[in-house]
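Below is one structure, written out as structure tokens; the observations come after it.
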Amino acid sequence: MLLKQNLLQLFLARTPEVHFSSLRAILVIAPHPDDEILGLGGFLVRQIRSGKRVLIAYLTGGEKSLEDIAPAMVVDERHRLSVAVHVRLGLVPEQAFWCAFPDGALPRKGSAGFDGAVDRLVELIGAVEPDAVFVTHPLDTWPYDHVAAFEIASEALRRRSLPCDLYGYWVWLWYSMPLKRLLRLNWRNISRIPVHGELREKLVLTDMYLKPKAPNGKPWSGVLPKAMTDAFRYPYEVVEKF
6 MLLKQNLLQL FLARTPEVHF SSLRAILVIA PHPDDEILGL GGFLVRQIRS GKRVLIAYLT
66 GGEKSLEDIA PAMVVDERHR LSVAVHVRLG LVPEQAFWCA FPDGALPRKG SAGFDGAVDR
126 LVELIGAVEP DAVFVTHPLD TWPYDHVAAF EIASEALRRR SLPCDLYGYW VWLWYSMPLK
186 RLLRLNWRNI SRIPVHGELR EKLVLTDMYL KPKAPNGKPW SGVLPKAMTD AFRYPYEVVE
246 KF
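Counted from 1, the sequence shown has number 7 at position 2 by this note's numbering; the numbering is strictly sequential.
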């Protein structure tokens with residue numbers, strides 16, 4: 006695992022840095038409550054501090070993170086954690102959207118429910134009119150909700166036909182992508198967002214999601230592999246333009 010992350014960082018060292026300073030309105034789509042911070046926490050901190058209009062859409066409530074606890078309780082607690090994160094970030098309730106699609110069952114392209122999910126995002130994108138949409142990368146292959154989120158978002162943008170850029174951000178890709186897929190990444194379109202100045206705050210926000218524990222002693226967000234969470238200390242966040 007360390008070898009893979011070192012190889013990824015070696016490839017990333019050759020990619021350009023991007024600051025997105027010209028963006029005015031940003032929509033971040035998170036399959037689960039915490040993905041927005043794990044993948045783009047430093048970027049969000051910087052954009053909010055710069056006075057940009059930031060909106061976050063949560064596709065699911067994350068109820069599958071702890072399957073031995075009642076789903077409604079998990080959703081309530083993970084929602085509470087997100088609200089605490091928003092307060093620290095300086096977001097107001099109107100800047101967060103909760104779609105409440107089923108965790109672990111976001112519809113893939115061509116499956117039942119996909120068009121309905123796309124319609125929901127078409128409506129949301131039309132209402133907020135973002136300059137750019139950020140969603141989990143299509144090679145973020147586990148959990149597959151991350152892949153489905155990309156498919157839903159990309160189709161929604163295609164149908165809406167707004168002048169809006171689409172970026173895929175890394176979360177699980179650091180951990181779950183097989184090395185053999187390394188060359189499948191379109192490195193020409195991949196950029197690094199430097200977050201050196203925001204990294205400390207990102208780690209605080211990460212802990213707000215990952216440290217609180219449920220009655221079973223496990224984090225409400227589920228148990229994430231240490232090799233994965235170590236990647237979030239990298240002082241860059243990674244996006245690919247589509």
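All C-beta atoms in this analysis are idealised placements derived from N, C-alpha and C, irrespective of residue type, glycine included.
The structure displayed is predicted, hence computed values, not measured ones.
Check whether the segment 220-233 touches the segment 62-77, taking contact to mean three or more Cβ pairs, one atom from each stretch, closer than 8 Å. yes
Measuring straight from C-alpha to C-alpha, what distance separates residue 184 and residue 23? By one-based count along the sequence shown, residue 184 stands at place 179. By one-based count along the sequence shown, residue 23 stands at place 18. Spanning the two alpha carbons is a distance of roughly 25 Å.
Would you mind stating whether residue 157 and residue 126 have Cβ atoms separated by less than 8 Å? Counted from its first residue, the sequence shown places residue 157 at position 152. Counted from its first residue, the sequence shown places residue 126 at position 121. Contact flag set, yes.
Best match in 58, 71, 139, 84 for proximity to residue 222 [C-alpha to C-alpha]: By one-based count along the sequence shown, residue 222 stands at place 217. Of 58, 71, 139, 84, the residue nearest in Cα terms is 71.
For residue 239, the first and last residue of its enclosing beta strand (DSSP E): Along the sequence shown, one-based indexing puts residue 239 at 234. Neither: residue 239 is in no beta strand (DSSP E) and is coded neither H nor E.
Grab the span of the beta strand (DSSP E) containing residue 180 for me, first residue to last. Stepping through the sequence shown from its first residue, residue 180 is reached at position 175. Counting along the chain, residue 180 falls outside any beta strand (DSSP E), though it belongs to the alpha helix (DSSP H) covering 178-181.
Nearest residue (CA-CA) to residue 31, options 140, 203, 230: Here residue 31 refers to the residue found at position 26 of the sequence shown. Comparing Cα-Cα distances from residue 31 to each of 140, 203, 230, the minimum goes to 140.
Cutoff 7 Å; reference residue 181; Cβ partners in own chain excluding five residues on either side: Taking the first residue of the sequence shown as position 1, residue 181 is located at position 176. If we look at residue 181 and ignore the five residues flanking it on each side, its Cβ neighbours are 146, 147.
List, from N- to C-terminal side, the beta strand (DSSP E) runs of 3 residues or more that fit wholly inside the segment 36-83. 58-65
What residues match up with residue 130 in a beta bridge as DSSP calls it? Residue mapping note: residue 130 aligns to position 125 of the sequence shown, counting from 1. Partner(s): none; residue 130 has no beta bridge.
To the nearest angstrom, report how far apart residue 38 and residue 154 are at their CA atoms. Translated into the one-based positions of the sequence shown, residue 38 becomes position 33. Translated into the one-based positions of the sequence shown, residue 154 becomes position 149. Whole-angstrom Cα-Cα distance: 13 Å.
May I ask you to report which of helix, strand or coil DSSP gives residue 188? Start at 1 with the first residue of the sequence shown, and residue 188 comes out as number 183. Reduced to three states, the DSSP call for residue 188 is helix.
For residue 246, which residues does DSSP report across the bridge? Here residue 246 is taken as the residue at index 241 of the sequence shown, counted from 1. Residue 246 pairs with 172.
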